[in-house]
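Visitor: Questions regarding the structure given below will be posed in turn.
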Amino acid sequence: MAKKKTFLMKLADTGGTLFAADWLEQYAAICFRRAAGGNGFEVLLITTRGSGRWVIPKGSPMKGKTPREVAAVEAFEEAGIKGKVGKKPLGRYSYVKRLDNGKDVPCIVEVFTVETTSIAETFKEQGQRQTLWVRPTEAGGYVEEPELRGLFARLDARLRKTPPDIA
């Protein structure tokens with residue numbers, strides 16, 4: 001049985017395209033809310049439609065929309081989340097995206113926070129993904145990308161320091 005490739009092994013396999021500037025840019029949302037009982041915060045994870053990996057809502061640039069607007073659109077389309085989007089990015093992470101043609105391409109994802117104000121009963125990708133609300137300190141255990149784990153830790157530290165108006 002073939003050994004499962006680590007994140008860094010996958011990224012290394014795309015090195016030629018990464019350094020040739022043949023990479024994609026995407027925008028994402030780390031959606032958060034107060035935990036039940038008001039004790040701390042939770043972040044939203046969703047599954048990909050293909051592999052079922054745990055990720056955050058994200059998507060490609062959209063004509064006429066700013067990066068933070070794209071993050072808000074993706075949060076709504078993929079998970080029904082409406083909320084207050086951070087004015088500045090929380091940070092960035094990278095991952096390897098498999099295109100429909102089978103080609104692996106490195107992606108750089110700029111991440112914005114979304115303080116969840118409501119969750120729609122119906123939305124575009126409803127029923128296509130699973131959702132999970134977990135503490136930011138637990139979220140890193142679900143995702144594959146090391147840099148995304150770091151962003152969950154950064155958000156957790158900010159929420160503990162200045163809850164919740166970090167946007």
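The sequence shown maps to residues 1 to 167 in UniProt numbering. Glycine included, every Cβ here is placed at the ideal spot set by N, Cα and C.
(1) Starting from V70 and walking both ways along the alpha helix (DSSP H), at which residues does that stretch end?
(2) To test your reading of the DSSP string, which unbroken alpha helix (DSSP H) runs of 4 or more residues are found completely within the UniProt domain "Nudix hydrolase" (22 to 155)?
(3) Assuming the contact rule is C-beta atoms closer than 8 Å, E69 and K124 should be a hit. Round their C-beta distance to whole Å, please.
(4) Using only the alpha-carbon positions, how far apart do V43 and K103 sit?
(5) Between the C-alpha atoms of A71 and A28, what's the straight-line distance to the nearest angstrom?
(6) Nearest CA to the CA of P136: which residue from I56, V114, L155?
(7) In chain order, what residues of the same chain lie with their CB nearer than 7 Å to the CB of G91, ignoring the 5 residues before and after it?
(8) Would you report the Cα separation of residue 172 and E115, rounded to the nearest angstrom?
(9) Using a Cβ-Cβ cut-off of 6 Å (strictly less than) and excluding sequence neighbours within five positions of L148, which residues of its own chain qualify?
(10) What does a CB cutoff of less than 8 Å around F32 pick up in its chain, not counting 5 residues either side in sequence?
(11) Look at the Cβ atom of W54, then the Cβ atom of V143, and state whether they are nearer than 8 Å.
(12) With a 10 Å radius around its C-beta and 16 neighbouring C-beta atoms as the bar for buried, classify Q26 as buried or exposed.
Guide: Answer, in terms of the structure:
(1) 67 to 79
(2) 67 to 79, 136 to 139
(3) Actually they are not in contact, since the Cβ atoms of E69 and K124 sit about 16 Å apart, beyond 8 Å.
(4) 31 Å
(5) 5 Å
(6) When only C-alpha atoms are compared, the closest one is L155.
(7) V111, L151, R154
(8) As displayed, the chain neither begins before 1 nor continues past 167, which places residue 172 out of reach and without an answer.
(9) Counting only Cβ-Cβ distances below 6 Å, and skipping sequence neighbours, we find Y93.
(10) F41, E42, V43, L44, T113, V114, E115, T116, P136, L155, L159, P164
(11) Cβ atoms of W54 and V143: closer than 8 Å.
(12) buried
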